[in-house]
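Worksheet: the structure to be examined is printed underneath.
There are 2 protein chains.
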Amino acid sequence: MKLINGKNVAKSVLEKVKERTLKYEKKPGLAVILANNDEASKIYVNSKEKISNSLGFKSSIYRFDKTVTQGKIISLIHELNENPEVNAILVQLPLYKHLDQQQIIELIDPKKDVDGFHPINVGRLNCGLKPYAVCCTPKGIIKLLKAYKIKISGQSVLVIGRSNIVGKPLSALLTLEDATVTLAHSKTKNLKSLTKNADIIISATGHPKLITADMITKGTVVIDVGITRQLTGELVGDVDFEKIKDIAGYITPVPGGVGPMTIASLMENTLELFEQQNKRQE
Amino acid sequence: MKLINGKNVAKSVLEKVKERTLKYEKKPGLAVILANNDEASKIYVNSKEKISNSLGFKSSIYRFDKTVTQGKIISLIHELNENPEVNAILVQLPLYKHLDQQQIIELIDPKKDVDGFHPINVGRLNCGLKPYAVCCTPKGIIKLLKAYKIKISGQSVLVIGRSNIVGKPLSALLTLEDATVTLAHSKTKNLKSLTKNADIIISATGHPKLITADMITKGTVVIDVGITRQLTGELVGDVDFEKIKDIAGYITPVPGGVGPMTIASLMENTLELFEQQNKRQE
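Line by line, the protein sequences are chains A and B. For the first sequence, counting from 1, position 238 maps to 238 in my numbering; every step adds exactly one. For the second sequence, counting from 1, position 38 maps to 320 in my numbering; every step adds exactly one.
Spelled out as structure tokens, the structure:
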């Protein structure tokens, strides 16, 4: 088993981002909207703010309590779209349930859509065109595989979970990388026969221990995107790590695998959007 | 073996379109741009015009010889976008090689993009939102499967060919229908083991006899999107029909399978765009 150290790869991505940022007089601006009560989201947003500041970005966090209205968020989005100091807008999902998430995502200027969730960016990705930004987690996973020189082209890759945030854009990216992708989900019947035949398994379901040792063929690459907090406080992935680690060819731990790559991609996307916008103005 | 008769299903789709069209005083308007030298394209466009007229649509075909410039096509697209009599714009692909196909597609008003190729429509489809129009061939294939009450949910579906026109949007639609989709292509290594394990195989490669009898498990549903004209003049699909027809559970012929469904979907899309645009104006 070879452990994939997401922390290390993320660190080297962030170092390059910091270096590139130093070259510019202006600083990349990242705006984050936090409108939910979710503890994990608060932790993510704090960590995004901290890293963003450490890179020399200008970050601003907009925190809302549950009395916030759709109209209020919409005005803020319009304001951020117009503000030339803001290059990247991130809406931390999920939003409070009374808010219309999709409407809000579609109001973000696609050029500032740092998460790559706007339909025009999703569409460009799926057409094989360059989106303004590519969804952070899928982008981070590809980077992680490449950092460990894991072959993607021609490999059978099983993606489990069909979310708009991970599973679907990841499948599109892997297909562009010439992998043969199978996208499995809650309605999939023969998961074990699929995992057994895959060269690479990427699980993004949030079901602890969905992937057990009997489902894995020796040497398979296992990437765990799931992250669930147990009642004990422990963070666990979709993969039964302890029992699988000696069967897998490569495996990501949880935490310390995919998670750090998501944040690193977010920072890289912020810088790329900044560069795109400043290039355009020249 | 049960033969899937695309002509019959298409006929019943077109009858419903005609009936719905009769209800309206105004007529749906379809504009088709033909800017290539391809014999097959000319035949398709003529057949689209004929069927469109038979339904009571107002169709106009814009034919260009190879001296046409990108600027000329762009002006025409702008004109058609503005023209309230035109509800649907179709650019017959491929275009002459000196033209920038993608730029032209992206200039079509997404509300009039009858092929569903504009990135915003591709993106909306992939996000599970309603696009203005869904790509015609994938839409036709889903309709064909449903007409024969072939189960899609939970089934393992192998799509071969990753084009923006068929393979990729079809995979997205099938995932929305709860199928477990594998998207194979020219870089796929183990095609036979994939075809052997699929409940439904949909081949869209244009490689005659890519799918041979030894690759098929008894009872598999085989949908053939390929259509290639042999030197003898004969039209053949991707599937070795004669040798597979008694192994497959269901099979589409070429011609007379998927082809008629593509045109039927185009007409249905034209009507749907007309209805959307007139609803919006009310």
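For each residue, glycine too, the CB sits at the ideal point set by N, CA and C. It should be emphasised that the depicted structure is a prediction, and the values quoted were computed from it without experimental measurement.
Boundaries of the beta strand (DSSP E) around A88 of chain A: 88-91. No Cβ of chain B is located within less than 8 Å of the beta carbon of K218 of chain A. Cβ-Cβ separation between A172 of chain A and N126 of chain A: approximately 5 Å, consistent with a contact (criterion under 8 Å). Below the 7 Å Cβ cutoff, chain A contributes P119, I120, G123 as neighbours of I402 of chain B, in chain order. Contacts with chain A at 8 Å (Cβ-Cβ) include T462 of chain B.
Around the C-beta of K298 of chain B, fewer than 16 other C-beta atoms lie within 10 Å, and the residue is accordingly described as exposed. For the options A:L3, A:I51, A:K2, A:E177, the alpha carbon positioned closest to that of L271 of chain A is the one of A:I51. Per DSSP, the continuous beta strand (DSSP E) segment holding K340 of chain B begins and ends at 340-345.
Interface criterion met: the Cβ of T470 of chain B is under 8 Å from a Cβ in chain A.
The beta carbon of A133 of chain A sits no closer than 8 Å to any beta carbon of chain B. Per DSSP, the unbroken alpha helix (DSSP H) holding S475 of chain B starts and ends at 473-479. Beta-bridge partners assigned by DSSP to T69 of chain A: none are found. The Cβ atoms of G140 of chain A and A88 of chain A lie no closer than 8 Å to each other.
Straight across, the Cα-Cα distance linking L513 of chain B with I533 of chain B is about 25 Å. Contact check for K308 of chain B and G338 of chain B: beta-carbon distance about 11 Å, past the 8 Å limit, so the pair fails to qualify. When Cβ-Cβ separations below 8 Å define contact, A466 of chain B makes contact with chain A. For A313 of chain B, the enclosing beta strand (DSSP E) begins and ends at 311-316. Against chain A, a Cβ distance below 8 Å from G436 of chain B picks out K187, T188, K189. Counting only unbroken stretches of 4 or more residues, the alpha helix (DSSP H) elements lying wholly within the segment 358-418 of chain B are 383-389, 401-408, in sequence order. I77 of chain A has its alpha-carbon roughly 10 Å from the corresponding atom of G71 of chain A.
For chain B, none of the residues of the segment 61-90 of chain A brings a beta carbon within less than 8 Å of one of its beta carbons. Put simply, the CB of Q384 of chain B is near chain A, with a gap under 8 Å to one of its CB atoms. Under DSSP, Y532 of chain B forms a beta bridge with B:K284, B:V503. Spatial neighbours of S153 of chain A in its own chain (CB-CB distance under 8 Å, excluding positions within 5 residues in sequence) are listed in chain order as E177, D178, A179. For the pair T212 of chain A and T195 of chain A, the Cα-to-Cα distance works out to about 10 Å. Secondary structure at A322 of chain B: helix, using DSSP grouped into helix, strand and coil.
DSSP, read as helix, strand or coil, puts A461 of chain B in coil.
The beta carbon of K7 of chain A sits no closer than 8 Å to any beta carbon of chain B.
In this structure the segment 258-266 of chain A does not touch the segment 92-106 of chain A; the number of beta carbon pairs closer than 8 Å is below three. Taking the C-beta atoms as reference points, M283 of chain B is found nearer than 8 Å to A530 of chain B. CA-CA distance, L517 of chain B to K491 of chain B, rounds to 12 Å. Residue environment analysis places D528 of chain B among the exposed positions, since fewer than 16 neighbouring C-beta atoms fall within 10 angstroms of its C-beta. The C-beta of C418 of chain B comes no closer than 8 Å to any C-beta of chain A. In this structure, the alpha-carbon of I142 of chain A lies about 15 Å from that of D199 of chain A. In the structure shown, the three-state DSSP call for S453 of chain B is helix. Apart from the 5 residues on each side of it in sequence, S265 of chain A sits with its Cβ closer than 6 Å to the Cβ of C136, K139, G140 in its chain, given in chain order.
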